[in-house]
Amino acid sequence: MRTGERELRELVAGSGWLSRALTVVRDSGLPDAWIGAGVLRDLVWGERYGDGFDPATVRDVDVVYFHPTALSRTDDDRATARLAAAWAEPPWQARNQAAVHTWYAAKFGGDPIAPYRSVAEAVATWPEYATAVAVRLDAADRLVVCAPYGLADLLGGIWRHNPARVDVAGSRRRLARHRPAERWPGVTVVEPG
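Heads up, the sequence shown is in this note's numbering, so the first residue is 26 and it goes up one at a time.
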């Protein structure tokens, strides 16, 4: 077991809401489906550096999956609707990581990107190292962790720019929008640059 995985497992297991969300995702039938990014950060940092985790403050539940032949936004909308039909409460947002190359440049600017070959390859490009983490339940209800850069920043409360896909200006915009030091006292912000 990698460093920190036990701690992350305990935090996830302690949240009935996130545990239910993981069960819904696993049972949805979406291929290679995971929950990642902000909701995991909100759980860990809320519990460790804030006033606890409040599901009512979750902006979206990022569900990533990998389906090489379902590449349209309509497919993502159907996947999101499938999750909402199973449990309406979370603000689901399902995105097929096999399709990101079809819309990334139009949404974020810059040059087109190469297609991702896996969820893990996509997770490795997420904007901060602390949010470049995804989890899923296996068939035996064990939590599986995808953390290409490890869990040190997530568990240690460090907001640090991941330059794999987001430039410094984009990172600064995210920092201004999310205000991590205000939301989670005790989190260390490493200024992008």
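Cβ coordinates follow ideal geometry from the N, Cα and C atoms, glycine included.
So P140 packs on A123, CB below 8 angstroms; how close in whole Å?
7 angstroms
Every unbroken beta strand (DSSP E) within the region 121 to 202, with a cutoff of 3 residues, ordered by chain:
159 to 162, 168 to 171 and 183 to 185
If I measure Cβ to Cβ from L288 and keep anything under 8 angstroms in the same chain, skipping five residues before and after, which residues do I get?
With the chain covering 26 to 218 only, the question about residue 288 has no answer from this structure.
According to DSSP, residues forming a beta bridge with T213:
I183
Check the C-beta distance from R185 over to D192 and give it rounded, since I have them as a contact under 8 angstroms.
The Cβ separation is near 15 angstroms, so there is no contact.
For A206 and T213, I'd like the C-alpha separation in whole angstroms.
7 angstroms
Where DSSP assigns a beta bridge to Y90, which residues make up the other side?
N121
Check G75 in the structure and name its three-state DSSP category.
coil
Tell me the rounded alpha-carbon separation between G211 and A194.
24 angstroms
List the whole-angstrom C-beta distance separating A119 from A104, where the pair is believed to meet the contact cut-off of C-beta under 8 angstroms.
4 angstroms
Run through DSSP, which three-state label would W59 get?
strand
Can you give me the C-alpha to C-alpha distance between G29 and L176, rounded to a whole angstrom?
6 angstroms
When the Cα atoms are used, what is the spatial distance from W117 to G218?
32 angstroms
Own chain partners of R66 with C-beta closer than 7 angstroms, once the 5 adjacent residues on each side are dropped
A155, T156 and L179
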